[in-house]
Structure formats: structure tokens, C-alpha cells
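Let me begin by presenting the structure, written as C-alpha cells, before commenting on it.
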Amino acid sequence: MSLLSKTAAELADLLAAGETTSVALTQAYLDRIAEVDTHLHAFLHVDAEGALAQAAASDARRAAGELLSPLDGVPIAVKDVLATSGLPTTCGSKILEGWIPPYDATVVARLKAAGLPILGKTNMDEFAMGSSTEHSAYGPTRNPWDTDRIPGGSGGGSAAAIAASEAPLAIGTDTGGSIRQPGAVTGTVGVKPTYGGISRYGLVAMANSLDQAGPVTRSVLDAALLHEVIGGHDPKDSTSIDQPLPALVAAARQGASGDLTGVRIGVISELRGEGYQPGVEQRFDEAVALLTQAGAEVVEVSCPSFTHALAAYYLIMPSEASSNLARFDAMRYGLRVLPDGVADPSAEEVMRATRDAGFGDEVKRRIILGTYALSSGYYDAYYGQAQKVRTLISRDFEAAFAKADVLVSPTAPTTAFKIGEKLDDPLAMYLNDVATIPANLAGVPGISVPAGLAPEDGLPVGFQVLAPALADDRLYRVGAALEALLEKQWGGSLLSQVPEVTA
Ligand code: GLN
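Heads up: the sequence shown begins at 6 in the numbering used here, then just goes up one per residue.
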């Protein structure tokens with residue numbers, strides 16, 4: 006277990022010192038998956054053979070002195086929304102059951118080019134729609150902190166895999182909070198990079214103007230290391246930013262000193278108060294006090310439009326999704342269902358039967374919502390209006406970043422809730438992303454860092470840091486400082502307190 010509780014940076018050091026091999030490490034994680042994943046269900050697909058072959062190739066490169074990156078040989082898990090050549094990619098949906106992509110997403114290609122063995126694909130809400138991973142067509146993932154509770158969503162599989170030491174690194178995607186909110190409720194670190202900072206090529210689109218892949222890790226430094234592997238310009242994605250990434254690893258190392266002298270931190274007044282669990286606010290306030298002690302200057306900032314962010318998101322996101330999901334037409338990918346009792350079905354009848362059987366309730370709900378919001382006569386009233394709110398949110402960010410270098414809030418309003426608790430109440434489910442969505446609408450980067458356990462239920466609380474677009478390095482500096490200060494209090498990583506998983 007001791008190997009498995011190390012950060013990726015520590016594992017990279019052990020590999021460099023010759024104290025372990027990539028094959029030994031990869032096997033240890035595969036064994037751990039075999040031990041706990043029948044209960045946790047963080048993985049939809051495990052590729053033991055492929056991962057071990059990649060690990061053996063890494064060990065051979067190390068022997069020859071030809072390493073590809075600082076993380077060469079450290080295994081990783083990938084959310085099942087990224088195309089992996091030769092490995093199933095389902096997006097948590099029945100409609101893609103059996104689909105094996107003929108190509109790698111750029112993020113996956115970069116992991117391979119950096120020498121990281123891929124352990125498998127992680128569970129998620131169907132097409133990344135949800136905040137609990139309960140909308141996966143293959144059944145929910147359980148939170149290792151309390152297996153009767155959700156691990157957040159949509160990327161609950163990646164977050165649970167990290168929290169339960171089934172992988173040292175994972176990739177998530179964040180359209181409205183799906184990296185950061187699972188990070189918060191599992192005590193892991195999650196980063197949504199600046200929009201355009203990580204290629205979306207091969208990321209199955211939910212909402213193109215919001216989707217962004219990013220790291221899910223045990224530590225802030227690990228996230229920076231991984232971000233540098235997967236980030237940067239990609240000519241295959243027209244929205245990819247054509248400029249170098251800031252120095253992320255250097256910023257994380259600088260932050261780890263715990264000195265934030267001269268950094269201005271803005272506490273967003275709209276992202277707290279009503280609807281936020283008292284223990285979440287308490288841990289948040291304590292973290293802000295720590296940052297002040299570290300030399301940061303803390304100011305209150307108001308972003309009035311953020312109160313409309315959730316409403317705008319739930320028009321824009323379904324609108325884009327309704328258009329994206331039209332490609333699942335029973336002709337091109339995965340599932341094809343022939344309608345019952347129809348002798349010579351038309352293409353439209355096959356499409357209808359396939360979508361009826363292949364999409365779950367939440368996906369159907371959003372397709373209907375999005376189609377309605379985009380329809381003639383309603384477009385201006387709903388979609389157009391939401392786009393105006395989006396502009397106001399960007400302006401609020403601009404004004405706030407004139408007063409502060411980074412903005413902070415709780416990542417999620419509550420700790421992990423019980424499996425089943427919000428499943429029949431879509432609005433209650435949507436509210437989990439109230440604090441994460443503004444960043445997606447404006448394209449700015451955000452990180453969630455563990456802030457401790459809520460006193461009332463002993464479950465993890467997340468602290469969110471947001472930075473201006475292209476200033477992702479600030480997330481790592483402030484995040485690493487907070488992590489270092491808190492870990493001094495806790496005597497180590499919060500994840501060392503995860504209970505042993507028992508069925
Ligand atoms: N929970 C939000 C939703 O359901 C965000 C999902 C995401 O970021 N992929 O849309």
C-alpha cells in the first residue's frame with residue numbers, strides 16, 4: 006500500500022533512483038484495481054495487457070537513457086470520454102457500447118508520447134451530463150470516503166480512482182465542473198485549464214464552447230506535471246491556443262514554499278451563504294485565513310452576474326449538446342436497434358429506436374431542452390439571452406481580476422451526498438455546479454484543492470482558485486501554497502485518511 010499512496014512526483018523519483026520499475030508500479034495499480042474496483046466501479050475498462058506492455062517499454066527506455074518525459078513510466082487512468090485507439094470508448098452511454106475508436110485523442114496521444122502507461126478508462130455520467138456519476142449507463146461509481154455516497158460527476162470515476170489509490174494520475178474533463186466538483190468531494194486535486202489550453206481533438210463533445218480536459222491527481226505538483234504533458238497548441242483543434250503554456254511546474258514548486266507575499270486574493274461574495282453547508286464554509290474560511298497568514302492580501306469581490314450562471318449554462322450546454330448528439334444516428338457508431346414489429350424500417354425509424362434504447366433519461370432531457378431553446382421563436386428568448394448573460398459573466402471576471410490576482414470560493418456547496426439522494430431531482434443535481442460553472446462560461450482556469458473534512462460529516466471539502474485566462478500558473482502557485490500549509494497541519498496528505506475500502 007505504501008507505494009500506492011505516493012504522489013506521481015514521488016513515484017517518478019523512485020523510478021529515477023532505480024527503486025522500482027514501471028512494470029512493478031503498473032502491476033501494483035492493476036492489483037489494487039482488481040482488489041477494490043468490483044465495489045467502487047471507478048473503471049469501465051481496464052487494459053492490463055496494454056498498460057504492462059507500455060510499462061515494459063518505459064523500463065527499456067530508462068535502461069537505455071532515453072526517457073520521454075519526467076512522468077515516463079508513471080501509469081494513468083483516462084476518462085471514458087476521450088478516444089483511445091484500440092480501446093473501448095463509451096462516454097458512459099449504451100449508444101457507444103462496443104465502439105472502438107480508430108484513433109487517439111490528442112491528450113491520449115500526448116500521454117503515450119510522454120511514456121505514461123494507460124491503465125484503463127474511467128466511469129462517468131453519460132456524455133458527461135451529471136454531478137454524481139449515477140447517470141452512467143453502466144452503474145454508479147462509489148466514493149472511497151463512504152461507499153454509500155457519490156464521488157461527484159461527471160468524472161467520478163477518475164476522482165475515485167485517485168482517492169482509492171487505483172491510479173496515481175487521471176484525466177478528467179470539465180464542462181461545468183466535472184473535474185473540480187469530483188475533486189472536492191473525494192479530497193483530490195482537479196484542474197480545469199484555460200479554455201483552448203488543452204486540445205479537444207478526440208474529446209467526444211458535450212458542449213464545444215465549454216469542454217476542457219485536465220488533470221485529476223493527489224497533489225498540486227502532480228497536476229502541474231501532468232498539465233505540462235497534455236497541454237499546448239494542437240493544429241487539430243481550431244480553438245486551441247497557439248502560444249506556449251506558462252511555467253506550471255515552476256509555479257507549483259514556488260507555491261510549495263508557502264509564501265504568498267504580494268498575491269491579491271479575491272473572495273467572491275456571490276459564491277457562499279445560502280445553500281452552502283456550514284462545514285464547507287468553515288473549512289473555506291479557515292483556508293482563506295491561512296492564505297492571509299502566508300502573506301496574501303485578501304479582498305471581497307462581487308460578481309453579480311454569477312447568480313445567473315447556472316440558468317445560462319443549462320440553456321447553452323443543452324443547446325450545444327443537442328446539436329452534438331445528433332451524430333449518434335445508428336449509422337455511424339456503436340449501437341443499432343431495429344424497431345419491433347416493423348418489417349422494413351426506414352432510417353428514421355431505426356434512428357428513433359436506437360436513440361430510445363441507447364440514450365438515458367438525463368441525455369434525453371437535455372436534448373429536448375436544447376432543441377427547444379434553439380428552435381425558431383424561442384432562440385432569442387432563451388439561447389440568445391443566455392449568451393448575453395455569458396458576456397456579463399466574463400465582464401464580472403474582468404472587473405474582479407482588476408482587483409485580485411486570483412479569485413476563490415468553495416468548489417462545491419456541499420460534501421458528497423448519498424447515492425440516490427438527488428437522482429430524481431434534476432434541479433438539485435444541477436445546483437452542485439453553482440460555483441464551478443462561471444469559469445466554464447468565461448473560459449478561465451480553475452483548480453480544486455482539498456481543504457479538509459467538514460466537521461459535521463467528516464467528508465472532504467474543496468477549495469476553488471480561479472485565475473484569468475492564460476494565467477494557469479497562478480492556480481498552481483496559490484494551490485500549492487494552500488496544500489503545503491494544510492498538509493503541515495494534517496501531518497500529510499488528506500488522502501492518507503481515506504478509509505480502507507470494504508465491500
Ligand atoms: N454537472 C454539470 C452538468 O451536468 C457539469 C458536467 C461537466 O462538467 N461535464 O452539466
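Cβ atoms here follow ideal geometry from the backbone N, Cα and C, with glycine treated the same way. As the structure is a prediction and not an experimental result, all values here were calculated from the model.
* Selection from Asp-64, Glu-492, Ala-39 that minimises the alpha carbon distance to Gly-23 -> Working through the sequence shown from its first residue, we reach residue 23 at position 18. Taking only the C-alpha atoms, the option nearest Gly-23 is Asp-64.
* Do the region 440–453 and the region 171–185 make contact, defined as three or more Cβ pairs closer than 8 Å? -> With a cut-off of 8 Å, the region 171–185 and the region 440–453 count as touching, because enough Cβ pairs lie within range.
* Assess, as a yes-or-no matter, whether the region 185–198 is touched by the region 93–102 under the definition of 3 or more beta carbon pairs within less than 8 Å. => These segments do not touch.
* Taking buried to mean at least 16 other C-beta atoms within 10 Å of its own C-beta, is Ser-327 buried or exposed? -> Locating residue 327 in the sequence shown gives position 322, counting from the first residue. Ser-327 should be labelled buried.
* In angstroms, rounded to a whole number, what distance separates the CA positions of Ala-218 and Leu-500? -> Along the sequence shown, one-based indexing puts residue 218 at 213. Along the sequence shown, one-based indexing puts residue 500 at 495. Cα to Cα, the separation comes out at about 23 Å.
* To do: Kindly list the residues whose CB is nearer than 6 Å to the CB of Ser-137, restricted to its own chain and excluding five residues on each side of it in sequence; keep chain order.
  => Residue mapping note: residue 137 aligns to position 132 of the sequence shown, counting from 1. Taking C-beta separations shorter than 6 Å and ignoring five residues to either side along the sequence, the partners of Ser-137 in its chain run Ile-155, Gly-158, following chain order.
* **Contact belief for Pro-450 with Asp-477 at Cβ below 8 Å, rounded distance in angstroms** => The count along the sequence shown starts at 1 and reaches residue 450 at position 445. The count along the sequence shown starts at 1 and reaches residue 477 at position 472. Sure, about 5 Å apart at Cβ, within 8 Å.
* To do: Please confirm whether any heavy atom of ligand 2 lies closer than 8 Å to the CB of Asp-334.
  => As presented, the structure is devoid of ligand 2, carrying ligand 1 as its sole ligands.
* **Reference Pro-220; option with closest CA among Pro-107, Ile-176, Ile-167, Val-112** => Numbered from its first residue, the sequence shown carries residue 220 at position 215. Cα-wise, what sits closest to Pro-220 is Ile-176.
* Asked: How many angstroms separate the CA atom of Ala-189 from the CA atom of Ser-351?
  -> Here residue 189 is taken as the residue at index 184 of the sequence shown, counted from 1. Here residue 351 is taken as the residue at index 346 of the sequence shown, counted from 1. Between Ala-189 and Ser-351, the C-alpha separation is close to 47 Å.
* Asked: Buried or exposed: Val-503, going by 16 or more other Cβ atoms within 10 Å of its Cβ?
  -> Here residue 503 corresponds to residue number 498 of the sequence shown, with the count starting at 1. It is buried - the Cβ of Val-503 has at least 16 other Cβ atoms within 10 Å.
* **Pair within 9 Å by beta-carbon distance, Ala-39 and Leu-296** => Working through the sequence shown from its first residue, we reach residue 39 at position 34. Working through the sequence shown from its first residue, we reach residue 296 at position 291. Going by C-beta atoms, Ala-39 is not nearer than 9 Å to Leu-296.
* Just the Cα atoms here: how many angstroms apart are Pro-344 and Pro-107? -> Locating residue 344 in the sequence shown gives position 339, counting from the first residue. Locating residue 107 in the sequence shown gives position 102, counting from the first residue. Approximately 29 Å between the Cα atoms of the pair.
* Contact set for Gly-201: own chain, Cβ-Cβ below 6 Å, skip 5 residues either direction -> The sequence position of residue 201 within the sequence shown is 196, counting from 1. For Gly-201, the CB contacts under 6 Å within the same chain, skipping 5 residues up- and downstream, are Thr-244, Ser-245, Ile-246 in chain order.
* So does the region 330–348 actually touch the region 226–239, counting three or more Cβ pairs closer than 8 Å? -> Using a C-beta cut-off of 8 Å, the region 330–348 makes no contact with the region 226–239, since fewer than three inter-stretch Cβ pairs fall below that distance.
* Whole runs of the beta strand (DSSP E) within the region 177–265, excluding any shorter than 3 residues -> At a cut-off of 3 residues, the continuous stretches assigned as beta strand (DSSP E) that sit fully inside the region 177–265 are 194–197, 218–222.
* To do: Return the bridge partner residues of Gly-467 from the DSSP annotation.
  => Position 462 of the sequence shown, counted from the first residue, corresponds to residue 467. Answer is Pro-455, bridged to Gly-467.
* To do: Could you tell me whether the Cβ of Gly-263 comes closer than 9 Å to any Cβ of chain B?
  => The structure shown contains no chain B; it holds only a single protein chain.
* With a CB to CB cut of under 6 Å and the five nearest residues on each side skipped, what residues in its chain are close to Ser-324? -> Translated into positions along the sequence shown, residue 324 becomes position 319. Result list for Ser-324: Gly-375, Ala-378, Leu-379, Tyr-388, in chain order.
* Asked: Where does Leu-432 land, buried or exposed, given buried means 16+ other C-beta within 10 angstroms?
  -> On the sequence shown, residue 432 is found 427 positions in, with the first residue counted as 1. Per the 10 Å Cβ criterion, exposed.
* To do: Please state whether DSSP places Phe-364 in a helix, a strand or coil.
  => What you label residue 364 is simply residue 359 of the sequence shown in a count that begins at 1. Coil.
* Which stretch, first to last residue, makes up the beta strand (DSSP E) that contains His-50? -> Position 45 of the sequence shown, counted from the first residue, corresponds to residue 50. That run of the beta strand (DSSP E) goes 48–51.
* Have a look at Ser-453 and Ala-417 and give me their C-alpha separation to the nearest angstrom. => Within the sequence shown, numbered from 1, the residue matching residue 453 stands at position 448. Within the sequence shown, numbered from 1, the residue matching residue 417 stands at position 412. Pairing Ser-453 with Ala-417, the inter-Cα distance amounts to about 9 Å.
* Tell me whether Lys-84 is buried or exposed, calling it buried when 16 or more other Cβ atoms sit within 10 Å of its Cβ. => As a position in the sequence shown, residue 84 is number 79, starting the count at 1. It counts as buried.
* Residue range of the unbroken beta strand (DSSP E) whose run includes Ala-409 -> Stepping through the sequence shown from its first residue, residue 409 is reached at position 404. Element bounds for Ala-409: n/a, residue is neither H nor E.
* the region 143–150 / the region 361–373 touching (three or more Cβ pairs under 8 Å) -> At 8 Å Cβ cutoff, the stretches do not touch.
* Asked: Candidates Leu-19, Ala-33, Glu-131, Val-355: which alpha carbon is nearest Asp-77's?
  -> Position 72 of the sequence shown, counted from the start, is the residue given in the question as residue 77. Closest by alpha carbon: Leu-19.
* **Ser-262 CB to nearest heavy atom of ligand 1 below 8 Å** => As a first step, residue 262 must be located in the sequence shown, where it is residue number 257. No, ligand 1 has no heavy atom inside 8 Å of this Cβ.
* Report yes if the C-beta of Gln-186 is less than 8 Å from at least one heavy atom of ligand 1; otherwise report no. => Taking the first residue of the sequence shown as 1, we reach residue 186 at position 181. At least one heavy atom of ligand 1 sits closer than 8 Å to the Cβ of Gln-186.
* To do: Quick one: residues in its chain with C-beta nearer than 6 Å to the C-beta of Met-6, no 5 flanking neighbours on either side, listed in chain order?
  => As a working mapping, residue 6 is identified with position 1 in the sequence shown. Bear in mind that a pLDDT of 49 at Met-6, under 50, signals an unreliable position, so the number given afterwards is only what the model happens to contain. Hits under 6 Å: none found.
* To do: Return the residue from the list Ala-317, Arg-66, Ile-398, Ala-169 that minimises the CA-CA distance to Ala-391.
  => Position 386 of the sequence shown, counting from 1, holds the residue named residue 391. Residue Ala-317 is the option with its Cα nearest to Ala-391.
* To do: Report whether the distance from the Cβ of Asp-130 to the nearest heavy atom of ligand 1 is below 8 Å.
  => Position 125 of the sequence shown, counted from the start, is the residue given in the question as residue 130. The answer is yes for Asp-130.
* **Assigned exposure category for Gly-160 - 16 Cβ within 10 Å defines buried** => For this step, residue 160 is matched to residue 155 along the sequence shown. Counting the other Cβ atoms within 10 Å of the Cβ of Gly-160 gives 16 or more, which makes it buried.
* **Top-ranked residue by Cα proximity to Met-129, from Ser-170, Leu-121, Val-86, Trp-150** => The residue you call residue 129 lines up with position 124 of the sequence shown. Measuring C-alpha to C-alpha distances from Met-129 to each of Ser-170, Leu-121, Val-86, Trp-150 identifies Val-86 as the nearest.
* Asked: Mapping DSSP to helix, strand and coil, what is Ser-414?
  -> Locating residue 414 in the sequence shown gives position 409, where the first residue counts as 1. The DSSP-derived three-state label of Ser-414 is strand.
* Asked: From which residue to which residue does the alpha helix (DSSP H) around Glu-15 run?
  -> For this step, residue 15 is matched to residue 10 along the sequence shown. Run containing Glu-15: 13–21, per the alpha helix (DSSP H) assignment.
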